[in-house]
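First up is the structure itself, then whatever we jot down about it.
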Amino acid sequence: MTQTTHFDVIIIGGSYAGLSAGMALGRALRKVLILDSGTPCNQKTPHSHNFLTQDGETPSSIAEKARKQVLNYPTVRIHQGLAISGMKTTLGFEITTEKGEHFTSKKLIFGTGLRDIMPDIKGYSDCWGTSILHCPYCHGYEVRHQTTGILANGDVAFHYAELLSNWTQKLTIYTNGLSDFSDEQRAKLSEHQISVVEKTITELAHENNLIKAIVLSDQTQAELKALYSRPDFTQQCSIPEQLNCEMTEQGTIKIDPFQKTTVEGVFACGDCSNPMRSVSLAVASGTTVGAMVNMELVHEAF
Ligand SMILES: Cc1cc2nc3c(=O)[nH]c(=O)nc-3n(C[C@H](O)[C@H](O)[C@H](O)COP(=O)(O)OP(=O)(O)OC[C@H]3O[C@@H](n4cnc5c(N)ncnc54)[C@H](O)[C@@H]3O)c2cc1C
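Offset between the sequence shown (1-based) and my numbering: plus 874.
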């Protein structure tokens, strides 16, 4: 039988959001366990952008530096492992890992991120994160003024087209089937010379994960330097649902302005609870959650 270790706070997810929460709590003298399975969503991108002091760094070097700084606080422990189940106890929460380890805490924080679901298009997952991009603020500058595709339909495609026209005029929308735009949207797209291609996509041709062309069902090809796409996503971790945390319509964990979920004692930060995905926002929400959880612990003990 494995021994259970008790903490003030368990943070599941030790990437940018979870580590940031860990730093705030370590600086507040809290005994903290950060459990991490090592699968951040941005691991395929070669460089991370738009975060002051870290612009252009590799995702792993930002995380590694963060881990080192968090471990300067002796009450924080980082443990490699996948949390697979969680339950409420009289003292707070008990978390079990894949290896059968048990940990308990008074409070629980999820910084578990999201998992992007790769569509079933040949070449898509190879290019994801390198030349299939989801966010122009993260990667738009690097492909500015380049021939760019948008793989989307309807309102999402229209929104992308409007936004991306700030970075490039060489835009085409690929709807991968019949398009679904209002007359007004069609008129706007045409006014800005943004064409819409409805042919089915058979392949995304690439060299070393850098997209070269979209291959269409009639075997014609359109050359491209970048393709924007927002794949569906799911929560990386199922424990918030096991604990009955309410979800938003978009599929993120529902939180209040203090990062509290709908379950007492459970908090969330980063992508798992915020659809505006960025490293800096994940770090900011981790700082907030650390302060909020500490305040709750102080309040309960005072
Ligand atoms: C391809 C791509 C490129 C991006 N580029 C940029 C960019 O240039 N600039 C930018 O600002 N943002 C970028 N982003 C967004 C940014 O990466 C995310 O907003 C950020 O990683 C969110 O941090 P997070 O800590 O919330 O989640 P993540 O970084 O996704 O980390 C979640 C962590 O939780 C752990 N975890 C999950 N479940 C469990 C479990 N059950 N047990 C233990 N551990 C668990 C995972 O292993 C992982 O380490 C990009 C995203 C993608 C997908």
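Heads up, the beta-carbon is just placed ideally off N, CA and C, and yes, glycines get one too.
For ligand 1, I want to know if residue i counts as a neighbour, meaning its beta carbon is within less than 6 Å of at least one of the ligand's heavy atoms.
{"i": "G1151", "result": "The sequence given here places Arg at residue 1151; Gly does not occur at that position. R1151: yes, Cβ under 6 Å from ligand 1."}
{"i": "N1083", "result": "no"}
{"i": "F925", "result": "yes"}
{"i": "Q1109", "result": "no"}
{"i": "M886", "result": "Met is not the amino acid found at residue 886; the sequence shown has Ile there. Result yes, Cβ under 6 Å from ligand 1."}
{"i": "A1165", "result": "no"}
{"i": "C1119", "result": "no"}
{"i": "G1144", "result": "yes"}
{"i": "C1001", "result": "no"}
{"i": "D929", "result": "no"}
{"i": "P1010", "result": "no"}
{"i": "P920", "result": "no"}
{"i": "T986", "result": "yes"}
{"i": "L1101", "result": "no"}
{"i": "T1049", "result": "no"}
{"i": "D1130", "result": "no"}
{"i": "Y890", "result": "yes"}
{"i": "D910", "result": "yes"}
{"i": "A898", "result": "no"}
{"i": "I879", "result": "Here residue 879 turns out to be Thr, not Ile, going by the sequence shown. No, since every heavy atom of ligand 1 falls outside the 6 Å radius drawn around the Cβ of T879."}
{"i": "T913", "result": "yes"}
{"i": "A1156", "result": "yes"}
{"i": "A940", "result": "no"}
{"i": "A895", "result": "no"}
{"i": "A957", "result": "yes"}
{"i": "N916", "result": "yes"}
Determine the DSSP secondary structure at residue i, reduced to helix, strand or coil.
{"i": "I1068", "result": "coil"}
{"i": "T1162", "result": "helix"}
{"i": "G1014", "result": "coil"}
{"i": "F881", "result": "strand"}
{"i": "H1033", "result": "helix"}
{"i": "D851", "result": "Any question about residue 851 goes unanswered here, given that the chain covers just 875 to 1176."}
{"i": "A902", "result": "coil"}
{"i": "Q1095", "result": "strand"}
{"i": "H1080", "result": "strand"}
{"i": "A1061", "result": "helix"}
{"i": "G896", "result": "helix"}
{"i": "D1054", "result": "coil"}
{"i": "S889", "result": "coil"}
{"i": "G1028", "result": "helix"}
{"i": "M1169", "result": "helix"}
{"i": "E1174", "result": "helix"}
Shortest alpha-carbon distance to residue i belongs to which of the options?
{"i": "Q1069", "options": "S894, F1176, S1053", "result": "Here residue 1069 turns out to be Ser, not Gln, going by the sequence shown. The shortest C-alpha separation from S1069 is found at S1053."}
{"i": "Q1067", "options": "A937, P933, Q1059", "result": "Q1059"}
{"i": "Q1133", "options": "C1146, Q1124, E1123", "result": "C1146"}
{"i": "T932", "options": "H921, L926, L965", "result": "H921"}
{"i": "H880", "options": "T963, V944, G912, N946", "result": "T963"}
{"i": "S1152", "options": "G896, I885, T919", "result": "T919"}
{"i": "E1115", "options": "F984, V944, Q917", "result": "F984"}
{"i": "T1049", "options": "L1025, E968, E1174, E1170", "result": "L1025"}
{"i": "T986", "options": "V1167, R904, C1111, E1123", "result": "C1111"}
{"i": "C1119", "options": "H976, C915, F1055, F1141", "result": "F1141"}
{"i": "I1113", "options": "G974, A1156, A1096, G960", "result": "G960"}
{"i": "P1131", "options": "A1165, T1074, L1117, S1103", "result": "A1165"}
{"i": "A1079", "options": "E1065, F1055, T1094", "result": "T1094"}
{"i": "V1071", "options": "V944, I1129, D882, A1031", "result": "A1031"}
{"i": "Q954", "options": "Q928, G887, A1156", "result": "G887"}
Please check if any C-beta of chain B sits within less than 7 Å of the C-beta of residue i.
{"i": "S1056", "result": "The question asks about chain B, but that chain is absent: this structure has only one protein chain."}
Give me the Cβ distance between residue i and residue j, rounded to the nearest whole Å; I'm assuming they're in contact under 8 Å.
{"i": "L1007", "j": "F1107", "result": "Contact doesn't hold; Cβ gap of about 15 Å is too wide."}
{"i": "I1188", "j": "A1035", "result": "Since the first residue of the chain shown is 875 and the last is 1176, residue 1188 is not available in this structure."}
{"i": "I958", "j": "T970", "result": "6 Å"}
{"i": "L1038", "j": "P1010", "result": "6 Å"}
{"i": "G892", "j": "G1160", "result": "7 Å"}
{"i": "I1085", "j": "C1001", "result": "5 Å"}
{"i": "S1154", "j": "N924", "result": "7 Å"}
Query raised in the report: For the stretch 915–996, which segments carrying the alpha helix (DSSP H) assignment without a break, of at least 4 residues, lie completely within its bounds, in sequence order?
Result: 933–944
Query raised in the report: What are the complete alpha helix (DSSP H) segments, minimum 4 residues, inside the stretch 1102–1149?
Result: Considered as a whole, the stretch 1102–1149 harbours 1113–1116 as its complete alpha helix (DSSP H) runs of no fewer than 4 residues, in chain order.
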